[in-house]
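Q: Sharing a structure below in structure tokens format, with a few things to ask.
Number of protein chains: 2
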Amino acid sequence: MSQCETVGSVFKGGESMRLTMRLAERSYDIIIKQGSLKRIGELVNLNRKVLIVTDNGVPATYSQTVAAQCKQPYIETVEQGEQSKSIAVWQQLLCRMVELNFTRGDAVVAVGGGVVGDLAGFVAASYMRGVDFINVPTTTLSQIDSSIGGKTAVNLEKTKNIVGAFWQPRLVVIDPDTLKTLSKRHYAAGLAEAVKAGFLADSELVRIFEEEDCEEYIEQIIYRSLIVKKNIVERDERETGDRAALNLGHTIGHAIESACSLQADRALYHGECVALGMVPMLESEALCNQLIAICKRLGLPTECDYDKQLALAAMRHDKKTDVSGAIKVVKIPKAGMFRLDKVPFEQVEAVLLGTADQIPAPKKEEEE
Amino acid sequence: MSQCETVGSVFKGGESMRLTMRLAERSYDIIIKQGSLKRIGELVNLNRKVLIVTDNGVPATYSQTVAAQCKQPYIETVEQGEQSKSIAVWQQLLCRMVELNFTRGDAVVAVGGGVVGDLAGFVAASYMRGVDFINVPTTTLSQIDSSIGGKTAVNLEKTKNIVGAFWQPRLVVIDPDTLKTLSKRHYAAGLAEAVKAGFLADSELVRIFEEEDCEEYIEQIIYRSLIVKKNIVERDERETGDRAALNLGHTIGHAIESACSLQADRALYHGECVALGMVPMLESEALCNQLIAICKRLGLPTECDYDKQLALAAMRHDKKTDVSGAIKVVKIPKAGMFRLDKVPFEQVEAVLLGTADQIPAPKKEEEE
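Here it is in structure tokens:
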């Protein structure tokens, strides 16, 4: 059984926070500060060619604010949505860099949510075998989770994140002010990844979700979530072991997400699916009740209607299924602790089909 | 001024040789052995899904020999030639892996020359953010140079190697028997990279080219060339410094190669262009005569006719030109020693236009 170190309560509202991801020569800082969008040039060299990748769902003033700080900025705005995480869009951005004579010393900046970060990150990873990447996440989901850790990717037809690279950013700049333009639902969906971080390794974060006003505590929520992720990524940058813990809720969540995405009227956000996918991984009724109460408080769904056969098909295609038919899952025996487990495919299938609510806890004698 | 360690004469013909590229957790072995193609399964785990990438210019028996040693082999044969180093072909191979449900634990094997190695290497680097890559080079060029060092890439329209990754192989298996099916010209062109290695850092290798029978000494030539490259790559895996030495002959060589490739009747092989590009980088007449004599002995060109304006345009587009208009070149003051230098663009231009034979040696007072 693994556990992350618990973080003490050392926060005051509104101040700037800095985290350092320690990955030898790939180390980098993560800055969390209101208003930091306007001050990126003080933190990293923008005195060069900079490709700023954003999407048309992100307020244009955000990318313009970054551009105003660059010597030679080029803003590229892609369509909002998952369909921009494609090889075609990735290739267009690379062609643009060739056309503009970008060299190895130039940089790519992502301004937006997870789609923009994954796409721009893979552009930076592969142009001339790698140029500097700076990530400026502007959604709860990306500020809390996807902007750190170095996973970049695009999709291949229906297969998500199948082509990509581990490519760490040089710097991540998180300005919580940018969250003000998000819709309420979008905002809440991203918080699901912070709830995940809490259940994985920070029971104080779980308490905040139960008792405090999340908007007021947003910087602390982001900071604490990133510490959980940072500790796990530092131990296992390339997901050969414990990093898989970050997939809590994602096995069932992805299956539901795939099934729902094919039925336009039922489409759910990624974070919403993660919330739904976490419930069956909790090893006691008390934990389930705790999570469900938090979801209700945040406005996250606690149940949903999806095509069970579509979800099962998506699950079968999931990369986490191994040859023996077992499937890796992340279980929560106690808030703030996780367990990596392999369970028979049928147990996960039963949950998806609605014939079981939970993945059974391991038998006592099997525990370490 | 930098110099690689010189290698002692410790070889006997025909035996197997092993080199280890020491790059921390990315370290790997390079095996040089006649008949090793048939014995790859003894060296690396082939008890999994294996995508074997080859081209239709490589004898099919080579990939079949590898396939016979795999549990689940899938041979993919691309068209011979540079045009296969494209995003379209790379994407086709990735789609094939998705279709075959390849997982992170599966592997990609390249069987062929530099094009196949670069292409398959980038497929391995980017599928699920990286799977095992095993390189089985079957040409002089790839056995001597391109199969080690971890540079993978594809081209974007006319821009060579602009999209790719540093992705080290798990193992490189060099079977000199596979060279027997190469044409004489193809064989000789690849040796140019070994001549380069000799002038860079191994004067004994230069002597072999001057005095010995190259076919008889081929294993030693491969081994010594790889040691030169290995020493440089180990010091500078990602080409932030000394690794640029491996570009000796490539600045002018690439320009000539680009110009010639646009005129079908004059097309030259990469190695032939490298040989031509090295001459102006030698800092004495004696060195030039030495290199020209070697080229004549090997059947490499010592002069060629190309469109000067096309070559100049290609050079201007070259990634090694910096903002100030200076261009990085690698000079040879003495056989077995190199000097990284920045010279005015005009000096290289003059050589390409035929108004100068050499890049001038630096003035005495500028030497370190």
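Protein sequence lines correspond, in order, to chains C and B.
When you line the first sequence up against our numbering, it's residues -19 to 348, in that order.
When you line the second sequence up against our numbering, it's residues -19 to 348, in that order.
Cβ atoms here follow ideal geometry from the backbone N, Cα and C, with glycine treated the same way.
With a cut-off of 8 Å, does the C-beta of GLN71 (chain B) fall near any C-beta of chain C?
A: Output row for GLN71 (chain B): interface = yes.
Q: Closer than 6 Å by C-beta to ALA174 (chain B): which residues in its own chain qualify, once you throw out the five before and the five after it? Chain order, please.
A: If we look at ALA174 (chain B) and ignore the five residues flanking it on each side, its Cβ neighbours are ILE124, ILE201, SER205.
Q: Helix or strand or just coil, what does DSSP make of ASN269 (chain C)?
A: In the structure shown, ASN269 (chain C) sits in a helix (DSSP, three-state: H, G or I).
Q: Report the residues of the stretch 102 to 125 of chain B with a CB closer than 9 Å to any CB of chain C, ordered along the chain.
A: Taking 9 Å as the Cβ-Cβ cut-off against chain C, the residues of the stretch 102 to 125 of chain B that qualify are PHE102, ALA105, SER106, TYR107, MET108, ARG109, GLY110.
Q: 8 Å is my cut-off, CB to CB: does LEU23 (chain B) come that close to chain C?
A: No, because no Cβ of chain C sits closer than 8 Å to the Cβ of LEU23 (chain B).
Q: Taking the alpha-carbon of LEU271 (chain C) as reference, which of C:TYR42, C:GLU196, C:ASP287, C:ILE312 has the nearest alpha-carbon?
A: Out of C:TYR42, C:GLU196, C:ASP287, C:ILE312, C:ILE312 has the C-alpha closest to the C-alpha of LEU271 (chain C).
Q: In chain B, what lies closer than 8 Å to ALA133 (chain C) by C-beta?
A: ARG109, listed in chain order.
Q: Report the rounded CA-to-CA distance for ALA315 (chain B) versus ILE274 (chain B), giving the unit in angstroms.
A: Those two C-alpha atoms are separated by around 13 Å.
Q: Leaving out the 5 sequence neighbours to the left and right, which residues in its chain are closer than 7 Å to TYR167 (chain B) when beta-carbon positions are compared?
A: Answer for TYR167 (chain B): THR120, LEU159, listed in chain order.
Q: Mind pulling the chain C residues with CB within less than 7 Å of LEU31 (chain B)?
A: Under the 7 Å cutoff, chain C gives no residues; its nearest Cβ is about 14 Å from LEU31 (chain B).
Q: Is the stretch 63 to 71 of chain B touching the stretch 10 to 26 of chain B in the sense that three or more CB pairs, one from each, lie closer than 8 Å?
A: Flag = no, the stretch 10 to 26 of chain B and the stretch 63 to 71 of chain B do not touch.
Q: Could you check what DSSP says for ILE339 (chain B) in three-state terms: helix, strand or coil?
A: Of the three classes helix, strand and coil, the one that applies to ILE339 (chain B) here is coil, per DSSP.
Q: Answer with yes or no whether the minimum CB distance from ALA235 (chain C) to chain B is below 8 Å.
A: So, not an interface residue.
Q: Going by alpha carbons, who is nearest to SER264 (chain B) out of B:VAL213, B:SER127, B:ASP337, B:ALA169?
A: Answer by Cα proximity: B:ASP337.
Q: So within the stretch 285 to 331 of chain C, which uninterrupted beta strand (DSSP E) runs reach at least 3 residues, ignoring any that extend past its ends?
A: If we require 3 residues or more, the beta strand (DSSP E) runs fully inside the stretch 285 to 331 of chain C come out as 306 to 314, 317 to 324.
Q: Under three-state DSSP, which class holds THR45 (chain B)?
A: Helix.
Q: Which runs of the beta strand (DSSP E) spanning at least 3 residues fall entirely within the stretch 36 to 108 of chain B, listed in chain order?
A: DSSP runs (the beta strand (DSSP E)) wholly in the stretch 36 to 108 of chain B: 52 to 58, 87 to 92.
Q: So, for GLY257 (chain B): in the same chain, excluding its five sequence neighbours on each side, which residues have a beta-carbon less than 7 Å away from its beta-carbon?
A: Counting only Cβ-Cβ distances below 7 Å, and skipping sequence neighbours, we find GLY229, HIS230, THR231, ILE232, GLY233, ILE236.
Q: Is it buried or exposed, ARG319 (chain C), if we count other Cβ atoms within 10 angstroms and call 16 or more buried?
A: So ARG319 (chain C) ends up on the buried side.
Q: I'd like to know if the stretch 173 to 192 of chain B and the stretch 130 to 145 of chain B are in contact, where contact means that at least 3 CB-CB pairs between them fall below 8 Å.
A: With a cut-off of 8 Å, the stretch 130 to 145 of chain B and the stretch 173 to 192 of chain B do not count as touching, because too few Cβ pairs lie within range.
Q: Who are the neighbours of ALA315 (chain B) on chain C, taking C-beta pairs under 8 Å?
A: What ALA315 (chain B) touches in chain C: nothing, since even the nearest Cβ is about 31 Å away.
Q: Between the Cα of ASN227 (chain C) and the Cα atoms of C:ALA172, C:THR45, C:ARG246, which residue gives the shortest distance?
A: Of C:ALA172, C:THR45, C:ARG246, the residue nearest in Cα terms is C:ALA172.
Q: Comparing alpha-carbon positions, which option in B:GLN52, B:CYS253, B:GLU326, B:ARG218 lies nearest MET108 (chain C)?
A: When only C-alpha atoms are compared, the closest one is B:ARG218.
Q: Just to confirm my understanding: we take CYS240 (chain B), look at its own chain, exclude 5 residues before and 5 after, and list those with CB closer than 6 Å. What are they?
A: Answer for CYS240 (chain B): ARG246, ALA247, LEU248, TYR286, listed in chain order.
Q: The beta strand (DSSP E) with ILE154 (chain C) in it runs from where to where?
A: Note, ILE154 (chain C): beta strand (DSSP E), 151 to 154.
Q: Note down the Cα distance separating LYS(-8) (chain C) from ILE188 (chain C), rounded to an integer number of angstroms.
A: For LYS(-8) (chain C), the predicted structure reports a pLDDT of 42, less than 50, and the residue's modelled location is therefore unreliable. The matter cannot be settled from this model.
Q: Applying the criterion that 16 or more other CB atoms from any shown protein chain within 10 Å of the CB defines a buried residue, is ALA145 (chain C) buried or exposed?
A: By the 10 Å Cβ count, ALA145 (chain C) comes out buried.
Q: Would you check if the distance between the CB atom of VAL116 (chain C) and the CB atom of VAL208 (chain C) is smaller than 8 Å?
A: No; because the gap between Cβ atoms is not below 8 Å, this pair is not in contact.
Q: Can you give me the start and stop residues for the alpha helix (DSSP H) that LEU171 (chain B) sits inside?
A: 164 to 181 is the span of the alpha helix (DSSP H), which, as asked, contains LEU171 (chain B).
Q: Given LEU23 (chain C), which residues of its chain have a CB within under 7 Å of its CB, disregarding the five upstream and five downstream residues?
A: Contacts found: ILE11, LEU151, VAL153.
Q: Compare the C-beta of ALA145 (chain B) against all C-beta atoms of chain C and say whether one is closer than 8 Å.
A: By this cut-off, ALA145 (chain B) is an interface position.
Q: What residues in the stretch 193 to 217 of chain C bring their beta carbon closer than 9 Å to a beta carbon of chain B?
A: So the list is empty, because no residue satisfies the distance condition.
Q: Determine the chain C residues that contact VAL78 (chain B) at a beta-carbon separation under 7 Å, and present them in chain order.
A: Simply LEU136, THR139, ILE142.
Q: Within 8 Å (strictly less), CB to CB, does CYS75 (chain C) reach chain B?
A: Yes, because at least one Cβ of chain B sits closer than 8 Å to the Cβ of CYS75 (chain C).
Q: Using CA atoms only, rank isn't needed, just tell me which of B:LEU290, B:PRO281, B:PRO340 is closest to VAL309 (chain B).
A: For VAL309 (chain B), the nearest C-alpha among the options comes from B:PRO340.
Q: So with Cβ pairs under 8 Å, would you call ILE12 (chain B) a contact of chain D?
A: The chain labelled as chain D is not found among the protein chains of the depicted structure, namely C and B.
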